[in-house]
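Numbering (the UniProt record's numbering), first residue to last: 1 to 354.
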């Protein structure tokens, strides 16, 4: 059975603008890819990347906008390096050695775009850039225009528990106290924080959570599209369920008609009452961290999920329960939280004073 493509120049799938006129036909796809590479046209090559990711990658149309944004940034940086003033690389004929040179450049000199110029990148950031470049060459393979070179990401010598810290208990209590006011913004932000730091939701799962996904009488919520498109049911503590119930009553006065999202914007003219975005929630969290004077290693949204993993494991000492709540398919993924319990380490070293 042939694949159906709508008769339109662009199709919007999961918030992504995907051009289909030249990419669904194999012959046109190859011609356009080769032409764009020869003409050094990044815009068309990024269209190919987006079409491939949406139509052929593992996650397809459920690929998160943030991943797409990271991959687009990586390819733009790679093309800026490949077509720089100091070299003229034929991107359709690159080898693994060429990509190794690109990695070395990122390690020694940083990114090639203006906003990241001369800023050395951490191994994790380099791995993200390389993932985007690999996706780009898979898209060129799909277009039958190039082959994916074999290259490996540099190993990060820093242990995972050091790269991804959890928020210490005293700082977490400070954050909750900071958000304990009666202002609607603080009540909303407090729920966002607790959903990540206690229920273990990812930021994408929080912003996609809808009112209908909650069953507060049972103290349950359903994550319908977790990582990899997996669904899971998450239990809520009594206090968190009650806090969400109180927010739902307040939310009625601010939500736009028909808006299904649990967390909504409470500022701006067009966005008021509409669903929060990934970017707006991250910006809000970092502003709270700045206001509290937190060390920068504790900035970000995913740090709160690590906080949940650490707290859940500390209370249960059960990796299976930790994995179940966080949605890990393998309990070995959850084992990191046993190493991230700084409070437990302090208890050990403090005994040395006895």
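Every residue, glycine too, gets a C-beta built ideally from N, C-alpha and C.
Cβ contact annotation for residue 280 (same chain, cutoff 6 angstroms, sequence separation greater than five): none. In this structure, the CA atom of residue 284 is about 23 angstroms from the CA atom of residue 239. In the three-state DSSP reduction, residue 96 falls in the helix class (H, G or I).
Contact between the region 69–76 and the region 36–56 is present: 3 or more CB-CB pairs across the two stretches fall below 8 angstroms.
Annotation: residue 224 to residue 213 spans about 8 angstroms, alpha carbon to alpha carbon.
In the displayed model, residue 210 falls within a strand according to three-state DSSP. Per DSSP, residue 54 lies in no beta strand (DSSP E) segment; the continuous alpha helix (DSSP H) that holds it begins and ends at 42–55. Per DSSP, reduced to three states, the secondary structure at residue 148 is coil, with no helix or strand assignment. Counting only the Cα atoms, residue 154 lies some 15 angstroms from residue 109.
For the pair residue 135 and residue 64, the CB atoms are not nearer than the 9 angstroms cut-off. For residue 233, the enclosing beta strand (DSSP E) covers residues 232–235. Here residue 76 is near residue 46, since their CB atoms are less than 9 angstroms apart. Relative to the Cα of residue 257, the nearest Cα in the group 88, 112, 275 belongs to 275.
Secondary structure at residue 36: helix, using DSSP grouped into helix, strand and coil. Judged by DSSP secondary structure, residue 240 falls within the alpha helix (DSSP H) whose first and last residues are 238–251.
According to the DSSP assignment, residue 130 belongs to the alpha helix (DSSP H) that extends over 123–142. For residue 331, the CB contacts under 8 angstroms within the same chain, skipping 5 residues up- and downstream, are 319, 320, 322, 323 in chain order.
At a Cβ-Cβ threshold of 9 angstroms, residue 192 and residue 292 do not count as neighbours. In the DSSP assignment, residue 220 falls within the beta strand (DSSP E) that extends over 220–223. Under the three-state reduction of DSSP output, residue 215 falls in the strand class. A buried status is given to residue 328, since no fewer than 16 other beta-carbon atoms sit within 10 Å of its beta-carbon. In the three-state DSSP reduction, residue 275 falls in the strand class (E or B).
Contact between the region 215–224 and the region 237–256 is present: three or more C-beta pairs spanning the two stretches fall below 8 angstroms. Residue 348 counts as exposed, since fewer than 16 other beta carbons sit within 10 angstroms of its beta carbon.
In the three-state scheme derived from DSSP, where H, G and I count as helix and E and B as strand, residue 300 is classed as coil. The C-alpha of residue 157 is placed about 41 angstroms away from the C-alpha of residue 244. Between the C-alpha atoms of residue 106 and residue 126 there is a straight-line separation of about 7 angstroms. In this structure, DSSP gives residue 111 an extended state, which the three-state scheme calls strand.
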